[in-house]
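**Student:** Under the numbering used here, the first residue of the sequence shown is numbered 687, with each subsequent residue one higher.
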Amino acid sequence: MKVCIVGAGQIAEAHIEEIQKIKGAEVVALCDLRRTPTWALAEKYNIKSTYTALEEMLENEELDVVHITTPPGSHFFIAQKSLEANCHVYIEKPLTLTAQETKELLVLAQQKDLMVCPGTHRLRSHETLSTFDIVNNKEHFGEMVHIDAVFGYNLEGPFGKMVISNPDHWIAKLPGQIFQNNISHPIAMIAPYLSDDLDISAIAFDKSNNGIINDELRVQIFDKKNKITASVNFISGARPVQFLVRYFGSQSTVNLNLTEHFLLEDKSQSLPGGLGLSLNVRTKAKSLAKQFRTNFMAFWTGKETFFSDMRRLIDDFYQAIETKGKPPVPYDELQRTSDIIDAINAQITAPGDK
């Protein structure tokens, strides 16, 4: 599998490192408008070819997959050109800036018999896969009732500080501001369980009074077809910063912590009164202890790293390409995620706007 990376920023390094762990995959080219970081990254990871022009790279290299790790405003153009050059595309979140762009890309990919994969890699964390196994077992979990997704963000980090101090930062120019660069992750966690018949309400506000971007987002979703409700919350003011999803079923509730890599299931007590409640706590404690041992050894030995879930998603994508299987993230979920983001963007404004 011959791969190129378009974009030589920080996330590009994660892509390169994880791709190089996949048997049969090779990053053969790197492309970015900026020569210096492109050369530096190519030298660090022993990448043969570097380019500053996308068209030149697509013409000169024999590529199977293009990874797009540039700011979101360029995703659609680069993906479109790559598909037209008969390359599959893996696109960092958000997939595109609008639902219409997503629709056009997916149509083009299907016309060319190519695949598109979004960078919502938390879908391939071990705890997410275990959660989906529970939730998809209707005899055990029952019917879906409600989903809560909370995505924490640290504006005090280096990237956050740049964003809230620079009105010309590309984040501030996105239709959905900082939310658009991040909420694909929590929305991807709820999209598999929603239809397309949705009522969506959203509010955003500037809690930190930075005056450049809104930094808090609250979204309520009602699925009129399935009679499911959901909430998506982007929170920058709370500590600790966490990514949490809670799935409420008619027979069970699953609490997924994607920051600390564990899940807990809440079940009805098997015995009445305080004794039954205590036994439920004991069951959860045993589950946590088991997950702690598994996670500790995996991270201690290096079997798991911060971006192992990215590697699994990329590997699944490459396997689907080679076997002509189904895309690892279904296209209806990609479109639904973009549709939800469009609906959110239509309801929020920048600080000071009316």
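Positions of the beta carbon are idealized from the N, C-alpha and C atoms, including for glycine.
Just so you know, these numbers come straight off a predicted model, no measurement behind them.
To the nearest whole angstrom, what separates the beta carbons of His871 and Arg932, a pair I think is in contact under 8 angstroms?
**Tutor:** Their Cβ separation, rounded to whole angstroms, is 15 angstroms, which puts His871 and Arg932 out of contact at 8 angstroms.
**Student:** How far does the beta strand (DSSP E) with Ala835 in it reach, from first residue to last?
**Tutor:** Here the beta strand (DSSP E) through Ala835 covers Met830 to Gly838.
**Student:** Taking Cβ positions only, does Gly846 come closer than 8 angstroms to chain B?
**Tutor:** Of the protein chains in the structure, only one exists, and it is not chain B.
**Student:** Look up Asn943 in the DSSP assignment and give the residues it is bridged to.
**Tutor:** In DSSP, Asn943 forms a bridge with Leu930 and Phe948.
**Student:** Within this structure, are the beta carbons of Leu791 and Thr782 separated by less than 8 angstroms?
**Tutor:** Cβ distance < 8 angstroms, so Leu791 and Thr782 count as in contact.
**Student:** DSSP on Gly862, reduced to helix/strand/coil?
**Tutor:** Correct three-state label for Gly862: coil.
**Student:** In the DSSP assignment, what residue or residues form a beta bridge with Pro804?
**Tutor:** Pro804 pairs with Ile777.
**Student:** For Gln706, which option in Ala1032, Ile1027 and Met996 has the closest C-alpha, if you only look at C-alpha atoms?
**Tutor:** Closest by alpha carbon: Met996.
**Student:** Using a Cβ-Cβ cutoff of less than 8 angstroms, which residues in the same chain neighbour Ile1007 once the five nearest sequence positions on both sides are dropped?
**Tutor:** Cβ within range, chain order: Met687, Asp750, Val751, His774 and Met801.
**Student:** What's the C-alpha gap between Ile697 and Ser954?
**Tutor:** Cα to Cα, Ile697 sits roughly 42 angstroms from Ser954.
**Student:** Near Asn1031, which residues of its chain fall below 6 angstroms by C-beta distance, leaving aside the five closest residues on each side in sequence?
**Tutor:** Pro861 and Gly862.
**Student:** Just tell me which of Ala715, His753 and Ile764 has its CA closest to the CA of Asn746.
**Tutor:** Closest option to Asn746, Cα to Cα, is Ala715.
**Student:** Please name the residue in Ala835, Asp834, Asp819 and Val836 whose C-alpha comes closest to that of Gly828.
**Tutor:** Ranking Ala835, Asp834, Asp819 and Val836 by Cα distance to Gly828 puts Asp819 first.
**Student:** Can you give me the Cβ contacts of Glu741 inside the same chain, cut-off strictly under 8 angstroms, excluding the 5 residues immediately before and after it?
**Tutor:** For Glu741, where only same-chain residues beyond five positions count, the Cβ hits under 8 angstroms are Lys767.
**Student:** Taking the DSSP output, what are the residues bridged to Lys953?
**Tutor:** Paired residues: Ser938.
**Student:** Look at the alpha carbon of Ile876 and the alpha carbon of Arg968, and state the distance between them as a whole number of angstroms.
**Tutor:** Between Ile876 and Arg968, the C-alpha separation is close to 29 angstroms.
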